[in-house]
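All remarks here apply to the structure that follows.
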Amino acid sequence: MIFSTNPWVWVAAILTLCIFSFLYRENPFYRFAEHLFVGVSAGYGVAVYFNNAIMPNLYVPVFVHHDYLFIIPGLIGMMFFFRFSSKLGFLILIPLAMLLGMSSGMGIAPTIQADIIRQMQSTIGDATSAGQGGWALVWGIVTFIGVIATLSYFFFSREQKGALKVSANIGIWFIMIGFGASFGNTVMARISLLIGRVQFLLTDWIHIIK
Amino acid sequence: MKILEKMSSIDRRVIFLLVALAVIIPLVANIGLPSRPGKYTIEMYGFIDRLPAKSQPLLIDATYSPSMMPELQPMLKAILRHCFARKVRVMLMTLDPNGPALCEAALREVAPEYNAVYGEDYVFLGFKPGSSAVIMAIGENVRQAFPADNYGKPLSEFPMMADVRNYADIPLVVSIAGSAITQGWVIYAGTRYHASVGAGCTAVSTADYYPFLQSGQLVGLLNGMKGASEYEWLNQRNGYSTARREAGKGMDAVSIVHLLLMLFIVLGNIGYLAGRRAAQKQ
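Chains S and D supply the protein sequences, listed in that same order. Numbering (the numbering used here) for the first sequence: 1 to 210. Numbering (the numbering used here) for the second sequence: 1 to 282.
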């Protein structure tokens with residue numbers, strides 16, 4: 001076991017161990033690392049956003065290229081700070097309305113196209129294209145049934161009884177399988193994060209793994 | 001019976017210890033469990049493999065922070081190795097403020113392995129705030145979103161960027177992300193500008209993207225560390241890389257921990273049922 005001579009590796013390793021100490025119980029080392037992380041992240045975020053958003057989109061156009069039109073969006077953006085004023089707090093609605101309007105205008109049409117129309121086309125297409133045959137056709141039909149059954153579970157305009165109840169119950173099974181798949185992937189993701197930290201400790205810090 | 005009942009009340013610290021051992025032992029012992037690539041990894045790999053050398057550059061968006069590194073950084077490195085080995089040009093960008101340092105670390109490691117030249121084989125566009133607005137701006141003109149590279153050099157000064165204007169000149173966009181930004185690429189770049197989009201995501205968000213695969217809106221999908229490991233395996237099998245399989249090594253530990261967790265779930269349920277039966281008898 002040969003420990004790293006890089007002081008920054010030591011800092012990262014000690015902070016990792018501080019965070020892991022929470023697994024035993026809450027303690028000052030964990031709280032120190034947690035607060036340090038929050039502070040460093042906030043500071044880093046402010047610096048990066050200042051250099052990549054404020055400087056190229058406001059400072060340089062106005063003060064270097066003398067394009068004073070950029071002052072208008074700059075002022076509208078700064079109106080977000082009115083939320084700290086009890087008297088003028090309502091003015092935040094102006095930039096908020098612009099932001100919502102712009103996002104909705106940009107997003108609604110392509111989102112409907114990508115998330116609803118293409119998905120519906122694909123669901124119907126996979127289940128009805130007899131040409132593909134075999135398992136592809138079987139899975140296409142399963143997807144089709146799953147979509148209809150799941151949608152019927154969320155149909156609340158009629159009491160769920162008779163055919164609707166049967167369909168909704170099938171829908172619940174599909175939803176549960178979906179949750180199971182998501183949970184399985186979540187477990188893998190969290191374990192992957194743990195592996196990443198352990199790999200760092202064993203490789204970069206104590207050099208057990210080459 | 002008491003042993004069965006105790007199974008459902010094992011101290012969580014015992015479980016943590018066993019999970020830690022299940023992670024450390026495979027990493028140190030180098031087990032090398034078999035791992036074969038899945039359909040969607042092969043589709044993504046195949047798409048990039050069919051791109052002609054020295055053609056228009058593909059665009060990689062590496063939008064993730066250090067907390068997602070174990071899953072996504074090996075993915076980025078594996079795709080870069082594939083591209084550089086085949087002389088496929090790359091534009092790398094990020095929509096996460098933490099991204100530039102991670103992108104530069106990957107480039108610093110991979111580019112020298114293939115003697116890839118900055119400005120000729122790859123260019124790093126850097127970070128730009130604005131997510132969907134940036135994606136849409138690239139659809140009009142990449143220079144509108146990124147007038148200069150990460151180091152302030154105008155894009156017009158790079159020979160590899162001479163004929164690149166918008167998505168029509170980019171054969172593939174690869175979104176490597178730990179957030180919903182991949183959906184933004186599908187919606188804006190894919191649907192609105194008809195770009196081909198591939199994705200690499202954390203395992204947590206994989207289930208959200210399967211519908212886009214089924215509808216053909218994604219050309220392929222790399223699923224967390226497993227996807228990265230599969231891509232590394234394909235690179236090695238095809239002779240594109242001799243580098244250590246970072247994610248591949250991690251996958252041994254993932255498999256062992258999954259077995260352990262399945263065992264805990266079974267034991268926990270047996271303990272629960274045994275406890276319930278004992279309560280009923282009383």
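Where a beta carbon is used, it is the ideal one built from N, C-alpha and C, also for glycine. On a predicted model such as this, the values are computed, not experimentally measured, just so you know.
Query                                                                                                                   : Result
Contact check, L261 (chain D) vs I170 (chain D), beta carbons under 8 Å                                                 : no
Integer-rounded CB distance, given that A149 (chain S) should sit under 8 Å from G134 (chain S)                         : Between A149 (chain S) and G134 (chain S) the Cβ distance is about 23 Å, and since that is not below 8 Å, they are no contact.
Runs of alpha helix (DSSP H) wholly within the segment 117-147 of chain S (minimum 4 residues, chain order)             : 118-128
L36 (chain S) at chain D interface by Cβ criterion, 8 Å                                                                 : no
Cβ contact check for the segment 262-281 of chain D and the segment 107-120 of chain D: 3 or more pairs under 8 Å       : no
For N51 (chain S), the three-state DSSP class (helix, strand or coil)                                                   : helix
Cβ neighbours of I175 (chain S) in the same chain (closer than 8 Å, five flanking residues each side left out)          : T150, Y153
C-beta contact flag for D149 (chain D) and Q56 (chain D) at 8 Å                                                         : no
Extent of the continuous beta strand (DSSP E) to which V197 (chain D) belongs                                           : 197-201
Chain D contact for M176 (chain S) (CB, 8 Å cutoff)                                                                     : no
Cβ-based neighbour list, R245 (chain D), same chain, cut-off 6 Å, excluding 5 preceding and 5 following                 : E232
D204 (chain S) versus A177 (chain D) - alpha carbon distance                                                            : 25 Å
Inter-residue Cα distance where the pair is G268 (chain D) and M7 (chain D)                                             : 6 Å
Residues sharing a beta bridge with N223 (chain D), DSSP                                                                : D:C201
Beta-carbon spacing of K128 (chain D), A105 (chain D) below 8 Å                                                         : no
Terminal residues of the alpha helix (DSSP H) in which G196 (chain S) lies                                              : 163-200
Classification of V174 (chain D) by the beta-carbon crowding that lies within 10 angstroms, buried from 16 upward       : buried
Under the three-state DSSP convention, the category M78 (chain S) falls into                                            : helix
Backbone CA spacing between F158 (chain D) and R50 (chain D) [nearest angstrom]                                         : 24 Å
Chain S contacts made by the segment 84-116 of chain D, where a contact means CB separation under 7 Å                   : P97
Own chain partners of S122 (chain S) with C-beta closer than 7 Å, once the 5 adjacent residues on each side are dropped : none
Residue-level contact to chain D via CB, I72 (chain S), 8 Å cutoff                                                      : no
Assumed close pair I48 (chain D), C83 (chain D) - CB separation to whole angstroms, cut-off 8 Å                         : 7 Å
CB contact below 8 Å: V14 (chain D) versus chain S                                                                      : no
Closest residue to G342 (chain D) among D:G271, D:A78, D:K226, D:A20 (Cα-Cα distance)                                   : Residue 342 (chain D) falls outside the range modelled here, since chain D spans only 1 to 282, and no answer is possible.
DSSP-derived helix/strand/coil call for V38 (chain S)                                                                   : helix
Neighbour-count burial assignment, V90 (chain D), 16 or more Cβ in a 10 Å radius                                        : buried
Closer than 8 Å to chain D by CB, L23 (chain S)                                                                         : yes
Residue-chain proximity (V9 (chain S), chain D), Cβ-Cβ < 8 Å                                                            : no
Amino acids of chain S, ordered along the chain, whose beta-carbon sits closer than 7 Å to that of R192 (chain D)       : P110
Sequence-distant residues of its chain with Cβ nearer than 7 Å to A232 (chain S) (five each side left out)              : Past the boundaries of the shown model lies residue 232 (chain S); chain S is included only from 1 to 210, so the question cannot be answered.
Short Cβ contact (8 Å threshold) for T143 (chain S) with I187 (chain D)                                                 : no
Pair within 8 Å by beta-carbon distance, L91 (chain S) and M102 (chain S)                                               : no
From D:A116, D:M251, D:C201, residue whose alpha carbon lies closest to that of G196 (chain S)                          : D:M251
Where P159 (chain D) falls: helix, strand or coil (DSSP)                                                                : helix
A253 (chain D) versus S:I209, S:S192, S:I124, residue with shortest Cα-Cα distance                                      : S:S192
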